[in-house]
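Peer 1: I have a structure here, written as C-alpha cells, and I will follow up with some questions on it.
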Amino acid sequence: MYPWNHRTVMVTALLALAGIVGCAQQETSERSQGPDPLEMTPEAYAEYLVFESGSFRLDQPVQEGGDARQRMEQDEIQRLCSETRNRPPADVAGRIVRRARESIRYPEDGIQLGDWRKGAELARSGYGYRVGHRNDDPDRTAGGNCYACHQMDPDELGYGNLGPSLTNYGELRGQGESVRRFVYEMIYNPHAYFPCTNMPRFGVNDFLSQESISHIMAYLLDPESPVNPGIEPGEGERRGL
Amino acid sequence: MLRRLLWYSILLSGLACVPAVASDSPYLTKRQQLMMLAESNPAELTLWKGEELFHEKRGPKNASLEACDFGLGPGVLEGAYVQMPRYFEDASRVMDLESRIIYCMKTLQGFTEEDEPIARKHSSADHTADLVALYTYIASQSDGMKWDPPMEHPMEKLTRDAGEVLFYRRAGKMDFGCVSCHSEQRKRIRLSYLPSVHQPEEWAKAISWPAYRIGHGVVRSSQHRVRGCYWQMRQAGLNFGSEASIAILSFWTDRARGHVATLPDLKR
Chain A
0 MYPWNHRTVM VTALLALAGI VGCAQQETSE RSQGPDPLEM TPEAYAEYLV
50 FESGSFRLDQ PVQEGGDARQ RMEQDEIQRL CSETRNRPPA DVAGRIVRRA
100 RESIRYPEDG IQLGDWRKGA ELARSGYGYR VGHRNDDPDR TAGGNCYACH
150 QMDPDELGYG NLGPSLTNYG ELRGQGESVR RFVYEMIYNP HAYFPCTNMP
200 RFGVNDFLSQ ESISHIMAYL LDPESPVNPG IEPGEGERRG L
Chain B
0 MLRRLLWYSI LLSGLACVPA VASDSPYLTK RQQLMMLAES NPAELTLWKG
50 EELFHEKRGP KNASLEACDF GLGPGVLEGA YVQMPRYFED ASRVMDLESR
100 IIYCMKTLQG FTEEDEPIAR KHSSADHTAD LVALYTYIAS QSDGMKWDPP
150 MEHPMEKLTR DAGEVLFYRR AGKMDFGCVS CHSEQRKRIR LSYLPSVHQP
200 EEWAKAISWP AYRIGHGVVR SSQHRVRGCY WQMRQAGLNF GSEASIAILS
250 FWTDRARGHV ATLPDLKR
C-alpha cells in the first residue's frame, strides 16, 4: 500500500544505514513519514497539497509583508465560495453579504472622485502583487485591471467580458452620493451585492489604495472621462442599465 | 498577404457548417484561425531535437531513454502521453510526463537535479531545454489521440479529485481560483477567449501542451502553463513537478477525456 510498501521501507532503511542519502531516496523517506493520503478526503488532501507537500513556495516574502503562505490561506468568503463552487445557497449567500458589508471601510473625508486621467492608467494596468518565479516591483503602483473583465472607454478595443460593460456608466447613473457609494462598495468588496462574484475585492484585499480607488472612480463617473462619451437615445434601456 | 487573408476568411466562413461545436466556440474558432495562418508549427524543430536526445546515449551511465517506461511498457511511446498522469509503482507516486522523463534521466542515465539537462526546466529564446525537447517528442507520439488518463489506482483517483478541489479553490490577493476564468464559454480576458472546463472540446485543445507559443517564441509545457496561471492569480509560486501541479494536471486531463489532443499545439 502506498506509500509504505515493505520494499520502500526496507530499501529506505538499508540506504539510511549505509549512509547513502541520494535525492530520490530522500524523497521516498520524507514521504513515508507523512500521513497516508489514501486515508484522506480529496478536500483534506488538497489542503495537504497546498500547505504540507512543498508544492508551493510558501516561504517567499511578499510585498504586503509576511510570506506567500498568507496568499494561500483562505478567509471566510473565499472558503465559502470555494466550497459552494460560487453558487452559495440562500443562507450561505446571506452570510457572505453580511460579512462583506461589515468589511467595508470608508475614506474619512467621504467618497471623493480623484483624477480620471490617473484612473485611466490604473484601470488598464494589470501590474502588482505577482510572486513566484518572477516578482512584481512593490514600488510600482498596482493596477485594477478593470479592462481584463469590463468594457469602459469604447475606443479601447482590448477589453474582456467576464463582467458587464461599464461604458457610459457615469452618463447613465450620474455622480450622486448613492452612486458613488455603490461604486466604492463594489470596488471595495463586491460580495456585498454579488455573493461569490468573480470580481476581486480590491479594498478588503488592500490591492488598491484609497487614492487609486478615487482615481478609478473618477474614470468611471466623471462626465469628462472617455468612459462617458454620451449615449444614443434608448441605449441605456437596451443594455439594461 | 491580402490574398492569403481572403483565403482564410473563405475557409473560415465555410467552417460554420462543419463542426457544430467549433462554430459556436469563439475560443476554438480563433485557435483554428491561428493554426491555419501558420505555414508549419515551429515546435517541429524542438520535436526533432527531442527525438535525437531520446535515442542518444547520455549521462554518467551512458544510456539512452529507450528503456524508459511511460506507463505502457519500456520504450512504448505511442499513446503514452494521453494516458498520463499515471501512478508508477517504481516511484510510488503519480507522475506527469515531465516528472517521468526526469525520473528516467536520473535512474537510467544517472543525471542529478543539478545537472543541466534536468536543472533547466524551460526554454529561453536562445536555448531549447533538453527536457522540453524530450517532452515535445514523446508527447507528439500521442498526436490526434483521445485523452484517456487511467483511473484504476486509488492514488490516481485521489489526485484527480484533489485537483478538482484546487481548481475551485479561491485564494490570494485577487480571490481567484481557476474556476474564475475557465468555467464559462465565450468569456474573454482582454482579447483572449478563455477555454471552459465544462466544454470538453475546448478543454481538450486548451490542455494540448507542449505548444509553440507565438508570444514567447518557444515551446512551452503544461507545467509552464499552470505555473503562469497561479502567478496571474497572485497565489504562491507553484513548484515544477510538485504534487499540487500534478493534481491540477490530473483533473484537467480527466476533463478532456474522450476528446482529441493536438500535439504539439500552436498557441498565442
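Just so you know, the protein sequences line up as chains A and B, in that order. For the first sequence, position 8 (counting from the first letter as 1) is numbered 7 according to numbering that gives the first Met the number 0, and the numbering increases by one without interruption. For the second sequence, position 153 (counting from the first letter as 1) is numbered 152 according to numbering that gives the first Met the number 0, and the numbering increases by one without interruption. All C-beta atoms in this analysis are idealised placements derived from N, C-alpha and C, irrespective of residue type, glycine included. No experiment lies behind these values; they were computed from the predicted model shown.
Give the residues from the stretch 28-60 of chain A that approach chain D closer than 7 Å (Cβ to any Cβ), ordered along the chain.
Peer 2: The displayed structure is made up of protein chains A and B, and chain D is not among them.
Peer 1: Going by Cα to Cα distance, which pick from 253/B, 196/B, 239/B is closest to residue 117/B?
Peer 2: Closest option to residue 117/B, Cα to Cα, is 239/B.
Peer 1: Give me the chain A residues within the contact set of residue 169/B, using Cβ-Cβ distance strictly less than 9 Å, ordered along the chain.
Peer 2: Result: 73, 76, 77, 78, 80, 81, 85, 195.
Peer 1: Taking C-beta to C-beta, are residue 55/A and residue 235/B nearer than 8 Å?
Peer 2: It is a contact, given that the beta carbons lie within the stated cut-off.
Peer 1: Can you list, in chain order, the residues of its chain whose CB lies under 7 Å from that of residue 130/A, leaving out five sequence neighbours each side?
Peer 2: Only 59, 61, 67 meet the Cβ criterion.
Peer 1: Mind reading off the beta-carbon distance from residue 176/A to residue 229/A? Whole number of angstroms is fine, and I expect it under 8 Å.
Peer 2: Residue 176/A to residue 229/A, Cβ: 23 Å. No contact.
Peer 1: Counting beta carbon pairs with one atom in the stretch 89-109 of chain A and one in the stretch 118-137 of chain A, are three or more of them shorter than 8 Å?
Peer 2: At 8 Å Cβ cutoff, the stretches do not touch.
Peer 1: Could you check if residue 55/B belongs to the surroundings of the ligand FMN, using beta carbon to heavy atom distance under 7 Å?
Peer 2: The model on display carries no ligand, and the ligand FMN is accordingly not part of it.
Peer 1: Near residue 119/B, what residues of its chain come up, given a Cβ to Cβ distance below 8 Å and the 5 sequence neighbours on each side ignored?
Peer 2: Answer for residue 119/B: 126, 128, 129, 130, listed in chain order.
Peer 1: Can you check whether the C-beta of residue 136/B is within less than 8 Å of a C-beta belonging to chain A?
Peer 2: Output row for residue 136/B: interface = no.
Peer 1: Quick one: Cα of residue 186/B to Cα of residue 202/B, how far?
Peer 2: If you take the alpha carbons of residue 186/B and residue 202/B, they lie about 14 Å apart.
Peer 1: Do the stretch 32-39 of chain B and the stretch 102-117 of chain B make contact, defined as three or more Cβ pairs closer than 8 Å?
Peer 2: Taking 8 Å as the limit for Cβ pairs, the verdict is that the stretch 102-117 of chain B does not touch the stretch 32-39 of chain B.
Peer 1: Give the DSSP bridge partners of residue 73/B, in chain order.
Peer 2: BP columns for residue 73/B point to 68/B.
Peer 1: Can you pull the chain B neighbours of residue 128/A, defined as C-beta to C-beta under 9 Å?
Peer 2: Within 9 Å Cβ-Cβ: 171, 172, 173, 233.
Peer 1: Using a cut-off of 9 Å between C-beta atoms, extract the partners of residue 255/B located in chain A.
Peer 2: Chain A residues near residue 255/B: none, gap ~19 Å exceeds 9 Å.
Peer 1: Do residue 195/B and residue 209/B have their C-beta atoms closer together than 8 Å?
Peer 2: Not closer than 8 Å, so no.
Peer 1: Note the first and the last residue of the continuous beta strand (DSSP E) segment covering residue 87/B.
Peer 2: That run of the beta strand (DSSP E) goes 85-87.
Peer 1: As a quick exercise: from 57/A, 40/A, 41/A, pick the residue whose alpha carbon is nearest that of residue 233/B.
Peer 2: Nearest C-alpha to residue 233/B: 57/A.
Peer 1: Out of 145/A, 189/A, 178/A, which one is the CA nearest neighbour of residue 77/A?
Peer 2: Closest by alpha carbon: 189/A.
Peer 1: Where does residue 71/A sit, in a helix, a strand or coil, going by DSSP?
Peer 2: Three-state DSSP puts residue 71/A in a helix.
Peer 1: Should residue 75/B go down as buried or exposed, given a rule of 16 or more other Cβ atoms within 10 Å for buried?
Peer 2: When all chains shown are included, residue 75/B counts as exposed.
Peer 1: Can you give me, in chain order, the residues of the stretch 147-170 of chain A that have a beta carbon less than 9 Å from any beta carbon in chain B?
Peer 2: Of all residues in the stretch 147-170 of chain A, 147, 148, 156, 157, 158, 159, 160, 161 have a Cβ within less than 9 Å of some Cβ in chain B.
Peer 1: Could you have a look at residue 164/A and say whether DSSP puts it in helix, strand or coil?
Peer 2: Coil, per DSSP.
Peer 1: Would you kindly check if the distance between the Cβ of residue 247/B and the Cβ of residue 176/B is under 8 Å?
Peer 2: No, the pair does not count as a contact, with Cβ atoms beyond the cut-off.
Peer 1: From residue 135/A to residue 126/A, what does the alpha carbon distance come to, in whole angstroms?
Peer 2: When rounded, the distance between both Cα atoms is 7 Å.
Peer 1: Could you name the residues that DSSP lists as bridge partners for residue 237/B?
Peer 2: BP columns for residue 237/B point to 55/A.
Peer 1: Rounded to the nearest angstrom, what separates residue 257/B and residue 115/A at their Cα positions?
Peer 2: Between residue 257/B and residue 115/A, the C-alpha separation is close to 50 Å.
Peer 1: Please report the distance separating the alpha-carbon of residue 51/B from that of residue 182/A.
Peer 2: Each residue's Cα considered, the two are about 59 Å apart.
Peer 1: Taking beta-carbon pairs under 7 Å, can you tell me which members of the stretch 182-211 of chain A lie near chain B?
Peer 2: So the close ones are 197, 199, 200, 204, 206.
Peer 1: Between the Cα of residue 279/B and the Cα atoms of 26/B, 28/B, 42/B, 27/B, which residue gives the shortest distance?
Peer 2: With chain B covering 0 to 267 only, the question about residue 279/B has no answer from this structure.
Peer 1: Compare the C-beta of residue 80/B with all C-beta atoms of chain A and state if any pair is closer than 8 Å.
Peer 2: Taking Cβ atoms only, chain A never reaches closer than 8 Å to residue 80/B, which makes this a no.
Peer 1: According to the neighbour-count rule (16 or more other Cβ atoms, all chains shown, within 10 Å of its Cβ), is residue 253/B buried or exposed?
Peer 2: Residue 253/B should be labelled buried.
Peer 1: Who are the near neighbours of residue 141/A in its chain, counting only those whose CB is closer than 7 Å to its CB and skipping five residues on each side?
Peer 2: The answer, listed in chain order, is 126, 127, 128, 206, 207.
Peer 1: Using a Cβ cut-off of 8 Å, which residues of the stretch 210-241 of chain B contact any Cβ in chain A, in chain order?
Peer 2: Listed by position along the chain: 226, 229, 230, 231, 233, 234, 235, 236, 237, 238, 241.
Peer 1: Report all residues from its chain with a CB closer than 7 Å to the CB of residue 147/A; omit the five preceding and five following residues, and keep chain order.
Peer 2: Cβ within range, chain order: 125, 159.
Peer 1: DSSP puts residue 175/B in a beta bridge; with which residues?
Peer 2: In DSSP, residue 175/B forms a bridge with 170/B.
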